[in-house]
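**Student:** In the working numbering, the protein residues as written are 817 to 1118.
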């Protein structure tokens, strides 16, 4: 799947889930008494308030209120979208709302935290309304979608990494099964018992490792991210994993991209065999070379 196609599929998935609409319905259906005045307590400008009132829109549909955030922390996604702020920016300026929005937070929100976030959202929303010649609620909804699109980048990078791992792991397992090199009583998802009393395990850091007689003999790290800007960060995570392997262990890296600086550091490490993801995924000879290097020359099960 090409990068552009994957981005399109992921954004369509976001829209199909309709998280923004679900949060808006929660806000519209909120039954509690809400006090917005004095406006400056919640960082709502008088001009923005008057503009929204003239449109006949319920204030909580535009301006964040601590009581709604405390009762329904996931509504932060909606208000953050209205204010065109990223999760990272909210965390820097107020408090982290990541667990609020993904629904994993279990402890009740403190009033001071909810108020701090609401004030941040309202200050930005007020500024947006005042800066527009004819702001409408539809403008606000478009901001929500725009913010969701921005968050797609992080989702995209994570999905690329998972897809790369799945691709390599599934192809390796398929190759071994086709040649009957996996013991019949091995679990479907591993660990897999190979010839020579060798155990192949799927995990993370490393993504794949090979154990023989309680000794780690080889590892495979899969870093499928294609963004050059994050290449050194991915290399750092991989280097930490490889540094913990014993002497004599052979380490393989499958990377989505190799920058010159990354290559220089890999050369200095000296104990890593490097393959590019696209080459082994699309080039039959490169895949055969990788498989031969792992299972014939290193693991020696064929």
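Built from N, CA and C at the ideal position, the CB exists for glycine as well.
#1: For residue 821 and residue 1038, I'd like the C-alpha separation in whole angstroms.
#2: Hey, out of 906, 876, 994, whose CA is closest to residue 860's CA?
#3: Less than 6 angstroms between C-beta atoms, sequence neighbours within five positions excluded: which residues of the same chain meet that for residue 992?
#4: Compute the distance between the beta-carbons of residue 917 and residue 890, then report whether it is under 7 angstroms.
#5: Could you work out which residue in 1036, 1051, 1092, 1076 is closest to residue 1061 when comparing CA atoms only?
#6: Nearest-angstrom Cα distance between residue 981 and residue 1072?
#7: So, helix, strand or coil for residue 853, using DSSP?
#8: Rounded to whole angstroms, what is the Cα-Cα separation between residue 863 and residue 919?
#9: Considering only DSSP beta bridges, list what residue 1122 is partnered with.
#10: Would you give the residue range spanned by the beta strand (DSSP E) that residue 1017 belongs to?
#11: Straight-line CA distance for residue 1052 to residue 879?
#12: Below 7 angstroms CB to CB, which residues in the same chain sit around residue 948 once its five sequence neighbours on both sides are set aside?
#13: Does the distance from the CB of residue 935 to the CB of residue 850 come in under 7 angstroms?
#14: Skipping 5 residues on each side, what residues in its chain have a beta carbon closer than 7 angstroms to that of residue 1032?
#15: Where DSSP assigns a beta bridge to residue 1037, which residues make up the other side?
#16: For residue 1008, decide whether its Cβ has a neighbour in chain C, counting only Cβ atoms nearer than 7 angstroms.
#17: Does the segment 930-945 touch the segment 883-902, meaning 3 or more C-beta pairs lie closer than 8 angstroms?
#18: Could you check how far apart the C-beta atoms of residue 1085 and residue 1055 are, in whole angstroms? I think they sit under 8 angstroms.
#19: Any idea if residue 1023 is buried or exposed, counting beta-carbon neighbours within 10 angstroms, 16 or more meaning buried?
**Tutor:** Short version:
#1: Working through the chain shown from its first residue, we reach residue 821 at position 5. Working through the chain shown from its first residue, we reach residue 1038 at position 222. The pLDDT assigned to residue 821 is 49, lower than 50, so where the model puts this residue is not dependable; a value taken from the coordinates is nonetheless given after this. So the alpha carbons of these two residues sit roughly 22 angstroms apart.
#2: Counted from its first residue, the chain shown places residue 860 at position 44. The shortest Cα separation from residue 860 among 906, 876, 994 belongs to 876.
#3: Position 176 of the chain shown holds residue 992. Only 998 meet the Cβ criterion.
#4: Reading the chain shown from its first residue, position 101 is the one you call residue 917. Reading the chain shown from its first residue, position 74 is the one you call residue 890. Result yes, Cβ atoms of residue 917 and residue 890 sit closer than 7 angstroms.
#5: Counting from 1 along the chain shown, the entry for residue 1061 is found at position 245. For residue 1061, the nearest C-alpha among the options comes from 1036.
#6: Within the chain shown, residue 981 is the residue found at index 165, counting from 1. Within the chain shown, residue 1072 is the residue found at index 256, counting from 1. Each residue's Cα considered, the two are about 11 angstroms apart.
#7: In the chain shown, counting from the first residue as 1, residue 853 sits at position 37. DSSP places residue 853 in coil when its eight states are reduced to three.
#8: Along the chain shown, one-based indexing puts residue 863 at 47. Along the chain shown, one-based indexing puts residue 919 at 103. Roughly 34 angstroms separates the two Cα atoms.
#9: Shown here, the chain extends from 817 to 1118; a query on residue 1122 therefore has no answer.
#10: Position 201 of the chain shown, counted from the start, is the residue given in the question as residue 1017. Run containing residue 1017: 1014-1018, per the beta strand (DSSP E) assignment.
#11: Stepping through the chain shown from its first residue, residue 1052 is reached at position 236. Stepping through the chain shown from its first residue, residue 879 is reached at position 63. Straight-line Cα distance between these residues: approximately 42 angstroms.
#12: Locating residue 948 in the chain shown gives position 132, counting from the first residue. The answer, listed in chain order, is 955.
#13: The count along the chain shown starts at 1 and reaches residue 935 at position 119. The count along the chain shown starts at 1 and reaches residue 850 at position 34. Not a contact, by the Cβ cut-off of 7 angstroms.
#14: Walking along the chain shown from the start, residue 1032 turns up at place 216. Excluding positions up to five away in sequence, the list reads 1025, 1061, 1062, 1065.
#15: In the chain shown, counting from the first residue as 1, residue 1037 sits at position 221. 1069.
#16: The structure shown contains no chain C; it is built from a single protein chain.
#17: yes
#18: Your numbering for residue 1085 matches position 269 in the chain shown. Your numbering for residue 1055 matches position 239 in the chain shown. The pair is a contact, with the Cβ atoms about 7 angstroms apart (cut-off 8 angstroms).
#19: Mapped onto the chain shown, residue 1023 falls at position 207. Residue 1023 should be labelled buried.
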